[in-house]
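What follows is a short report on a single structure.
There are 2 protein chains.
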Amino acid sequence: MDPPELCLGTGHAEESHRQDSFNMLTFILLLTLTILTIWLFKHRRVRFLHETGLAMIYGLLVGVILRYGIPANSYHNKTTLASLTSAWQLQTLCLFQVTFDPEVFFNILLPPIIFHAGYSLKKRHFFRNLGSIITYAFLGTAVSCFVIGNLMYGVVKLMQAVGQLTGKFYYTDCLFFGAIISATDPVTVLAIFNELHADGDLYALLFGESVMNDAVAIVLSSSIVAYQPAGANTHQFDASAFFKSVGVFIGIFSGSFVMGAATGVVTFTKLHCFPLLETALFFLMSWSTFLLAEACGFTGVVAVLFCGITQAHYTYNNLSEESTKRTKQLFEVLHFLAENFIFSYMGLALFTFQNHIFSPVFIIGAFIAIFIGRALNIYPLSFLLNLGRRHKIKGNFQHMMMFAGLRGAMAFALAIRDTATYARQMMFTTTLLIVFFTVWVFGGGTTPMLSWLHIRVDVDPDQDLQPSADRQSKTKQESAWLFRLWYTFDHNYLKPILTHSGPPLTSTLPSYCGPLASCLTTPRAYENHEQLRDPDSDLIRGDADLTFTFGDTAITANGAANGKRSGSTSEEALERELDSREQELLSRGTRLVFPIEDHI
Amino acid sequence: MDPPELCLGTGHAEESHRQDSFNMLTFILLLTLTILTIWLFKHRRVRFLHETGLAMIYGLLVGVILRYGIPANSYHNKTTLASLTSAWQLQTLCLFQVTFDPEVFFNILLPPIIFHAGYSLKKRHFFRNLGSIITYAFLGTAVSCFVIGNLMYGVVKLMQAVGQLTGKFYYTDCLFFGAIISATDPVTVLAIFNELHADGDLYALLFGESVMNDAVAIVLSSSIVAYQPAGANTHQFDASAFFKSVGVFIGIFSGSFVMGAATGVVTFTKLHCFPLLETALFFLMSWSTFLLAEACGFTGVVAVLFCGITQAHYTYNNLSEESTKRTKQLFEVLHFLAENFIFSYMGLALFTFQNHIFSPVFIIGAFIAIFIGRALNIYPLSFLLNLGRRHKIKGNFQHMMMFAGLRGAMAFALAIRDTATYARQMMFTTTLLIVFFTVWVFGGGTTPMLSWLHIRVDVDPDQDLQPSADRQSKTKQESAWLFRLWYTFDHNYLKPILTHSGPPLTSTLPSYCGPLASCLTTPRAYENHEQLRDPDSDLIRGDADLTFTFGDTAITANGAANGKRSGSTSEEALERELDSREQELLSRGTRLVFPIEDHI
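Taken in sequence, the protein lines are chains W and E. For what it's worth, this note's numbering labels the leading residue of the first sequence as 2, then goes sequentially. For what it's worth, this note's numbering labels the leading residue of the second sequence as 2, then goes sequentially.
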């Protein structure tokens, strides 16, 4: 089957439709090949190469074939087949760029990846390390961005001095590069962590940081683009423009955050008995978050991230068991396909993108800069965080975080979004190479690195979750007053209103709010509550009983939880509530009976 | 939040991106509303309105609001808000048409619907009635197309005579209308059939016919478009052009069929233990069928249909239990969303499409024509079929089939594909109204009609599946020699090669093919086979044991299955194999032990 021959004599529109189909087909075959190889690797327990690395390799190979498969001079020969094939190759090369509008990455491929990341954050470890994660994600990314930006500005100046720079490259371009390349993507590392059951806290730190810093990088880069100093000297520092950029950052970020969280909260479905409807609704609501944010000028990807986190926190509790499984599987497939598509596209882009600018000095400079940027992010911040943490981030954890700073889908998507200028083209090429190198070398080196750093693997989740005296104090230390305040509010008011779990509002609201409370409480919440009061009940289930105890305590000791006893109970309850997602793993009896007998 | 105000001062591209997001958001909210109402209806067991009918109503309402929400003259007022809103409305009206390229329906929305239809055909009843289904689908659709086309040509002539026709309307246009309006879509009826457990044979006839005639209509309409007589008199009959059209029909249909069936056969995945990979692969292969067919100039939708049927037949047996569930659920969600999207878009299109041509004469004529066309399809063909069928298609079944000739997604998609000329615009408007009318009136009237026609409901699948003397002879009668030949070939050679089920090749191939046979037989097939030989085995599973018996019989009595005993056994086995999909419903013991004890 030879496409060009089939195309002869058909209209332009139809031909382009066929070409589109053919291009998509190429990618689908690439993905199929990737899946088959992944299966082979998993089957034979090969761990040195992750599926994303594989996808890139296959993409590279196809790119090479498209580019160099038939020597360029045969195009000028008169042999029909060769020239046709060659013409088709050229056409394909051009069309690959036309077909996949960079916005496709932002509007179709990134949302499921980011949503899935938010939705599958392991809540307990995540909330326990929330402060550190936010520090790394915001402060760390900002540090990394400015360090890389300034170093690259030095490199650019150097290139200018030795005459290697043939186009314009401003300071804002360097900062922009710093922003896009600061988005880490430890998908390879985390897949291996998951497989080896590596330490949960380290996992949470890395995953949380990478998910959040994607959001930070995306907003940071658009703030830098928004930095437009007034007047003639367009590339000098301008305080008002700078503060405007900061304002844009805060505005977009908080807008997207609020929008995502709000939609996540709103989607409390109660369509039990109809898993298909529930799943469809869940999918539509997540997608509408993205669209709503985009329609309002915020960032859809960031909104989707927080929507995922919020839905995992609230909506998840409302779904029927069948639906939780379905939604998880649906997003898993979407995420899997989107991720492998992006990575194989990256492989393909290295050879089929027409405007690459390979500048060895810039590339070497960038590698050094991202190394220094990552180091100045992890080590100083870990030192500062350790001052406040009782459960320190140990040295080997810091080295592992340093090592796990891979670059992936987000850096690529940000770089390909705009490749119009000389500076952007050079950045795109460099980003591509950085992604290849880090995914293959650092991704492949994860398993040896883990053992070299003596990071414990095969952690038994059971043992890891046993409450201990050490853990309680640690939690007390880490969850700052702001977080505790939010937790209490969430627990006593938000959860009962938005989910069936949690204590009924009638027991958490003051008595004068009685009618309102009973109107907002579902029968199922009472049911859960009643089951709890029955000491013989076998049906005691996760959240409900734990939070009930905490709820009761909270009313009596809410403002003044100073008594040592009640304080520690509330900490325990907090700790345990955070476990709720993982408790299917646990033997239930031991942990659940204790607080009830203690208080009733 | 007022979109036009947010849009002010932004670039054109960004504004259009926001508008796109906003449009998509409108649809998603429509779908969300539909889902919530469906849930309410299901919850309260309301049956008179199907979800697709609901989706259309909501679409209509939004269309009315967009069109008439604010009176047109306020646009000329100087009040800022009203004029802005009105300008936004106009913009939205225009953009709704720009955003949804008709090809979106063909390339994105129809494939999952059609694939799901093929994948969920109930095999047993389907194959039992295959001959009748093919007759209705091919001969019936052709009859319907020509009857409607000729009647409409009469209507058009009449309109011309009374001066109601202001544009050109050729005979080929009438035939084209006949083709697109002949595609039935009994989604409403079948949903109700499913819920009420109506007669399985009637269900198979209706479902099979509607699925296959979608494929026929799509190819028929493109053949009619391909009918281009040579010379000056472009709208006279031209024998060579006619035969060329027939050739196009046969070429496209068989090409798509072969391509779909081939891909379906090729996707025999054996990636057990990794349901995610299996599901992703399954999804990709189905999609690649569509793209491959489109890239080669065939019809993707038709290819996807046959791919679905083939995959249900072969690949399904190879998937792990987890994967069968996952793939089913994945395609169920996609199909559900796509279908409701199309129907709500239809509702919206009635008021937002700009070039409607409402011609009362044409519309009334079309209603009468589709009634006559359907009648001349069902009654004469049923009469002819009943001459050959032992299990007759009874009168009440015929009336029900007549009544269930709803028009839906396919007719709409074909009509919206090209709305450039006067004739096509009039057809589009008429098609829309026919879809509305049939879905609401005939769809809503299904339950009363079923009881009025005394069609048995609440059929116990168990009882329905009991093998009986009557059934065996019936099967013998219906499955013609060609089908039996294919069945034997499929059973002894294709199934063992392509799936783990079926008898091992070593027992079906002649002894001189021994080495080849053992090389192609998987260990699992032997396993299934071994389990079978063990009379105490509890692990006996569906297909494997049934087909084994048949397989053995087939070797000894293959060419000359004349002996009454072996003939009837092979019929039983055939019958039972066709049951394999439904046997989860059955108590297994009774049916499965019988043939084994009989032969070993």
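Note that the Cβ used here is the ideal one computed from N, Cα and C, for glycine as well. All values derive from a computational prediction rather than experimental measurement.
What are the boundary residues of the alpha helix (DSSP H) that W:Phe250 is part of? Ala240 to Val267
Report yes or no: is there a C-beta of chain E within less than 9 Å of the C-beta of W:Ala405? no
Between W:Phe127 and E:Gln355, what straight-line distance do the alpha-carbon atoms span, to the nearest angstrom? 53 Å
Let me see if you follow: with CB-CB separation under 9 Å, is W:Ser289 close to chain E or not? yes
E:Pro536 at chain W interface by Cβ criterion, 9 Å: Confidence in E:Pro536 is poor, its pLDDT being 37 and thus under 50, which makes the residue's placement too unreliable to answer from.
W:Ile490, buried or exposed, once every other Cβ within 10 Å from all chains shown has been counted against 16: It should be pointed out that residue 490 of chain W corresponds to Phe in this sequence rather than to Ile. Its Cβ having fewer than 16 others within 10 Å, W:Phe490 is exposed.
Kindly list, in the order they appear in chain W, the residues whose Cβ is closer than 7 Å to that of E:Lys43. Phe275
Tell me whether the beta-carbon of E:Ala370 lies closer than 9 Å to the beta-carbon of E:Met153. yes
Test: E:Ser383 CB closer than 9 Å to a CB of chain W: no
Nearest to E:Ala376 (by Cα), restricted to the options E:Cys146, E:Ala118, E:Leu62 and E:His51: E:Cys146
Do three or more CB pairs link the region 200 to 217 of chain E to the region 102 to 122 of chain E at distances below 8 Å? yes
Give me the Cα-Cα distance between E:Ile253 and E:Thr300, rounded to the nearest whole angstrom. 7 Å
8 Å CB neighbourhood of E:Asn130 in its chain, flanking five on each side removed: Asp202, Ala205, Leu206, Gly209 and Glu479
Between E:Leu382, E:Phe429 and E:Phe42, which lies nearest to W:Cys278 when the distance is taken from Cα to Cα? Going by the sequence as given, residue 278 of chain W is Leu instead of Cys. Measuring from the Cα of W:Leu278, the nearest candidate turns out to be E:Phe42.
Run down chain E in chain order and give the residues with a C-beta less than 8 Å from the C-beta of W:Leu285. Ile29, Leu32, Thr33, Ile36 and Leu338
Select from W:Ile134, W:Leu61 and W:Leu140 the residue whose C-alpha is nearest the C-alpha of W:Arg390. W:Ile134
Beta-carbon contacts of E:His314 that lie in its chain and below 6 Å, excluding the five residues immediately before and after: none
In chain W, which residues lie with their C-beta within 7 Å of the C-beta of E:Ala281? Ile36, Val334, Phe337 and Leu338
Taking E:Met160 as the reference, give the member of E:Leu67, E:Phe363, E:Phe384 and E:Phe404 with the closest Cα. E:Phe363
Examine the ligand SAH and report whether any of its heavy atoms sits within less than 8 Å of the Cβ of E:Asp215. This structure simply doesn't include the ligand SAH, nor any ligand for that matter.
Determine, using beta carbons only, whether E:Thr53 and E:Val440 come nearer to each other than 9 Å. yes
By the criterion of Cβ-Cβ separation under 7 Å, what are the contact partners of W:His314 in chain E? Those do not exist, as W:His314 stays about 21 Å from chain E at its closest Cβ, beyond 7 Å.
If we cut at 9 Å on Cβ distances, does W:Met213 have a partner in chain E? no
Rounded to whole angstroms, what is the Cα-Cα separation between W:Phe398 and W:Val442? 19 Å
Which residues in chain W sit within 8 Å of E:Leu292, going by Cβ to Cβ distance? Ser22, Phe23, Met25, Leu26 and Ile29
Contiguous alpha helix (DSSP H) assignments of at least 4 residues, all confined to the region 320 to 365 of chain W: 322 to 353
Test: W:Gly298 CB closer than 9 Å to a CB of chain E: yes
Own chain partners of E:Thr290 with C-beta closer than 7 Å, once the 5 adjacent residues on each side are dropped: Met260, Gly261, Thr264, Ala304, Val305 and Cys308
On the DSSP bridge list, what partners appear for W:Arg408? W:Thr185
So W:Ile39 contacts chain E; which residues on that side make the cut at Cβ distance below 7 Å? Leu278
Taking DSSP as the reference, what is the three-state secondary structure of W:Leu451? helix
Burial state of W:His44, where buried means 16 or more other Cβ atoms lie within 10 Å: exposed
Determine the chain W residues that contact E:His18 at a beta-carbon separation under 8 Å, and present them in chain order. Glu104 and Glu295
What did DSSP end up calling E:Tyr120 once you bin it into helix, strand or coil? helix
Hey, quick one: how far does the alpha helix (DSSP H) through W:Leu277 stretch, first residue to last? Pro276 to Ala296
Can you tell which of E:Leu61, E:Ala180 and E:Gly132 has its C-alpha closest to the C-alpha of E:Ala414? E:Ala180
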